[in-house]
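Residues in the sequence shown are numbered consecutively from 9, following our numbering. Accompanying notes for the structure given below.
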Amino acid sequence: MNKRVLGVLALTLTGCQPQVSQEVQTQTLRLGELQIRLDAPLWVSPQDFYPLGVTYTNLGSEPLNIGDPFGCRLIWRVVDVKTGKVPEPERQTNYACTTEARAPTILGAGESLSGRLSGIIDRFPKGEYRLGAETWQAVAGKDWRKLSPKPQEVRFEIR
9 MNKRVLGVLA LTLTGCQPQV SQEVQTQTLR LGELQIRLDA PLWVSPQDFY
59 PLGVTYTNLG SEPLNIGDPF GCRLIWRVVD VKTGKVPEPE RQTNYACTTE
109 ARAPTILGAG ESLSGRLSGI IDRFPKGEYR LGAETWQAVA GKDWRKLSPK
159 PQEVRFEIR
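Here is the structure:
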């Protein structure tokens, strides 16, 4: 292959990669001594998942059991802003989490743990979306309604 063909091939392959906005909306919330920071991109190109960065920090002076915050990293309730419904595209992949229990995560005083959650947007059309309340349940567990300040809606665009 000559250099010209390789250059066109490289450009074609990189042009098809999913794109994610470098600009994010950030929310920092508390649940007792646990600080939770959520970083959500403003837009993404069509792809299977909407990536959410989550960082847990123990602000207390004692170790804190935060369970298994990344045991299931999937969020199903991504809602189309126009219709108020979760899209159900044809041939969408069915995703599931394992039920295998993992050891709880213990954060020492001042320690942090970062990871990623993924909103399922497989085959969703371009448009504006929001994350439902299940997002906060995935982030903070059963006590998500006790988050302070009250979590704000996360909106993003598929371009």
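Think of the CB as a built atom: it goes at the ideal place given N, C-alpha and C, for glycine as much as any other residue. Since this is a predicted model, take the numbers as computed values, not measurements.
Counted within 10 angstroms of its Cβ, other Cβ atoms place residue i as buried (16 or more) or exposed
i	result
P77	buried
V89	exposed
R153	exposed
I129	buried
G75	exposed
8 Å contact criterion, which residue i and residue j should meet: CB distance rounded
i	j	result
L125	R163	About 16 Å; that fails the 8 Å criterion.
V52	V28	5 Å
L72	L115	5 Å
L60	L46	6 Å
For residue i: DSSP bridge partner residues
i	result
A48	Q33
For residue i, three-class secondary structure by DSSP
i	result
L155	coil
E136	strand
E41	coil
P54	coil
V162	coil
P59	strand
Subject >> Any beta strand (DSSP E) of 3 or more consecutive residues that is wholly inside the segment 69-157 >> reply: 86-88, 120-128, 135-139
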